[in-house]
Each structure stands twice: as C-alpha cells, then as structure tokens.
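**Student:**
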Amino acid sequence: MYFYCETCKKKYPLNSHSYRCTCGGMFRLHKDQSDELTREISLGEFQTPLLPIRTGKLDFLLKLENLLPTGSFKDRGACTLINELHHLGIKKIALDSAGNAGASIAAYAGAAGMDCTVYVPDDISDAKVAQIEDYGAKIVKVPNGRMNACAVVKENLGDAYYASHVYNPLFFEGMKSMAREMVEQLGGAVPDYVFMPVGNGTMLIGLFQGFMDIGRLPHFVAVQSKKCAPLYEAYHGLPPEPKRTTIASAIRIEKPKRLKDMVEIIRASSGDVVAVEDADILQARKFLGAHGIYVEMTSAAALAGAEKYFQAGKPDNYKVVLPMTGNGLKR
Ligand SMILES: [Zn+2]
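With this note's numbering as the guide, the letters of the sequence shown map in order to residues 541 to 871.
1. Can you round the beta-carbon distance between L621 and F748 to whole angstroms, since I take them to be within the 8 Å contact cut?
2. Quick check: is any heavy atom of ligand 1 less than 7 Å from the C-beta of G565?
3. How about V734 and V861: are their beta carbons less than 8 Å apart?
4. Considering Cα atoms alone, identify which of P758, G639 and I821 is closest to A677.
5. Counting only the same chain and skipping the five closest in sequence on each side, list residues whose C-beta sits under 6 Å from that of H627.
6. In terms of DSSP beta bridges, what is T838 paired with?
7. Suppose only complete runs of 3+ residues qualify. What are the beta strand (DSSP E) ranges in the segment 671-699, listed by chain order?
8. In whole angstroms, what is the alpha-carbon distance linking K848 and K571?
9. Cβ of K551 within 7 Å of any heavy atom in ligand 1?
10. To the nearest angstrom, how far is the alpha carbon of L604 from that of T610?
11. Measuring from the CB of C619, is there a heavy atom of ligand 1 at a distance below 7 Å?
12. Output yes or no for whether 8 Å exceeds the beta carbon distance between A841 and I821.
13. Evaluate contact between the segment 546-556 and the segment 716-723, counting only Cβ atoms and requiring at least three cross-stretch pairs below 8 Å.
14. For a test of the three-state rule: what should DSSP assign to Q587, helix, strand or coil?
15. Does ligand 1 have even one heavy atom less than 7 Å from the beta-carbon of C548?
16. Closer than 8 Å by C-beta to M483: which residues in its own chain qualify, once you throw out the five before and the five after it? Chain order, please.
17. In this structure, does DSSP put A643 in helix, strand or coil?
18. Can you name the residues that DSSP bridges to S765?
19. Return the chain-ordered list of same chain residues with a C-beta closer than 6 Å to the C-beta of P589, the five sequence neighbours on each side being excluded.
20. Are the CB atoms of G746 and K766 within a distance shorter than 8 Å?
21. Give the single residue among I679, A647 and M541 whose Cα lies nearest to the Cα of E576.
22. With respect to 7 Å, is the separation between the Cβ of C690 and the closest non-hydrogen atom of ligand 1 below this value?
23. Give every residue of the same chain whose Cβ lies closer than 7 Å to the Cβ of R686, excluding the five residues on either side of it in the sequence, and list them in chain order.
24. Considering only their Cβ atoms, is the gap separating L799 from P770 smaller than 8 Å?
25. Label C548 either buried or exposed according to how many other C-beta atoms from any shown protein chain fall within 10 Å of its C-beta, with 16 as the threshold for buried.
26. Comparing the CB of C656 with every heavy atom of ligand 1, is any distance shorter than 7 Å?
27. Hey, would you say Y648 sits closer than 8 Å to I581, going by beta carbons?
28. For the alpha helix (DSSP H) that V706 lies in, which residues bound it at each end?
29. Taking just the CA atoms, how far does I806 sit from G486?
This is how it looks when you write it as structure tokens:
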C-alpha cells in the first residue's frame, strides 16, 4: 500500500510526514488485492443497526452510527487509520477537528498508546472537549473557527504525524465498511438513496469509495445548513454567501478541502445537494428524540433534508438510508 498524488501520480509511503503532494495535489490510497488492513486495536466496533422509521407518509431507514464506540461514524475511519499508523510504528500524532473526528481518533490513539494532540475551534462544546481529554489526548483551542484550527495544526506539527481525517486516505478507507454493511442489511441490494449531512465530506467520499468497490452507487444527497452551504453553492453554481454559525456544528466547514471531489461524486451518483433551515434541523431532531433516537443536531439535518427532498412524496419501494452521524450527548 502507498499514497499517490491524485494530480501528478507521485508516490509517497504511508508513514510520510507529507500530508499532500509537493504539487499541491491530495493523496489517494493505492491498495493491491493482496494488501490487508491490520486490526490489532479495537474498541468493540460492530455492524450498526438499520432501523426503519416513518415520518407521516415517508419511510426511511436510520443507520445508527451514533451507537459506535465513541458515539460517531468517524470511528470507522479512526479505527483503520490508527491501526495502520500503529502498525507503522508511529507514536505521536496531531490533528484538527470540530469534535467528532477528534474524539474518535483520540480514543483509538489512546488504545494504541499514542501521544495525541487535537486542535479544535475554541467554540467547541464542553462535552466534546471533556470526551477528547478523557481519552488522554491534549486539546489546543484555536480562535477564529474550524478552518483556522486546520491552519494552526499544520504549522505546529513538529515530529508528530498529521493524522487528518480530511487529508489521510486511510481514514476514507475505513469509512467504506458502512457501504458494505448497508448492502448486507438490505439483502444484497444497494440503497436507492443515502441522505447525509456534509461538511468536509468524509462520509460522502468514504461511502462513494465503498459503493464503487461494490459496483453500484445509490443516489447521494448531501444536506447542508443554509447558514453554511459551500457544497450547495458549488453544486448549484450559486454565488457564495457569507458563512454563519449553524446549530449543525459538525458540518460548519466554510472551505472544505475536497469540494471538487464532492461535486463530482454527487454528479456521478445522479444525486443532489439540499440546503435546509436550522429551524427544520431542530424540528427533525425533536422528532427523532421523541421517537427514542438521541442524536446530535448534525444527524437530524439528514432527516430534514430527506423530508424536504421528498415533500411531494416518494415511491414506497425506494430504500432511503439516513446515517445518524453522532450521539446527542455530544452537544
Ligand atoms: Zn502531485
């Protein structure tokens, strides 16, 4: 296995301290059929349930990623990333995160005995800070938003490996398991639609790669808050609006690094990008809570988006999966 630049194809070893190519291109993972991912570190990952739910006339399938070990889907990517880094003998890592990826990577790094530092925006919730610190990681709070945390960590890496869930293809490799599980749970069928909240696009890109391996894509519908909708704007060719704070904090990403990839993926899947009001996210979260599903605001954006998209109704035979990205206790 090795990384290669998606632009100029230059190769880099997995333990390279470069996180993108000297030409500026992003890394992709080359994996031969014989290459196996290591799995020495585990926090008890499992196949998450696919739970049917009905909202009025519409029926959906909730993929309960909120039940994973640290309470978010990011555990899939973190598990694969940290296992490979551990296997390569890497002992010290740093990353930037809005919270969920930081918690996932900190947890697996803790289990692997690694030194881990997480750079977070200074308006992150106390619950997320406490969780990351309890996993034994150091927190560095950075002012001026999520994008600045990304800039500051890169300047301060020193001898630490940049274990980024946005740059590192091993993280996306781990996300593929969600696609395999959906197909298994649907008796071998690919879902017709997957609606998901999108910030940096880790789930979208990981699912795309997973379904490409399987050989068929669902329609991917990305959901963003109207208050911060760079993918919505790019996909629909709209002028960029000022980016504001949304209650869906996990997808408050003003300038996603893989925006171009995301637009191409949505097109390739004949999907769409929907932007919803924060009030609709709040209402969707209330609905989910009242039906026993306790998730973070960002997860509820998927339901708000699906209800908006299918407001004129949906054929009953369509299998529509909504991944519930994170646990509600993380607010
Ligand atoms: Zn390059």
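Idealized CB from N, CA, C, for every residue including glycine.
**Tutor:** Taking the definition as stated:
1. Rounded, the Cβ-Cβ distance is 18 Å, inconsistent with contact.
2. yes
3. yes
4. G639
5. T578
6. In DSSP, T838 forms no bridge with anything.
7. 678-682
8. 39 Å
9. no
10. 13 Å
11. no
12. yes
13. no
14. coil
15. yes
16. No answer is possible for residue 483: the residues shown for the chain start at 541 and end at 871.
17. helix
18. C768 and V816
19. L604
20. no
21. M541
22. no
23. A638, P661, R792 and I793
24. yes
25. exposed
26. no
27. yes
28. Here V706 belongs to no alpha helix (DSSP H), and DSSP marks it neither H nor E.
29. Residue 486 is absent from the model: the chain starts at 541 and stops at 871.
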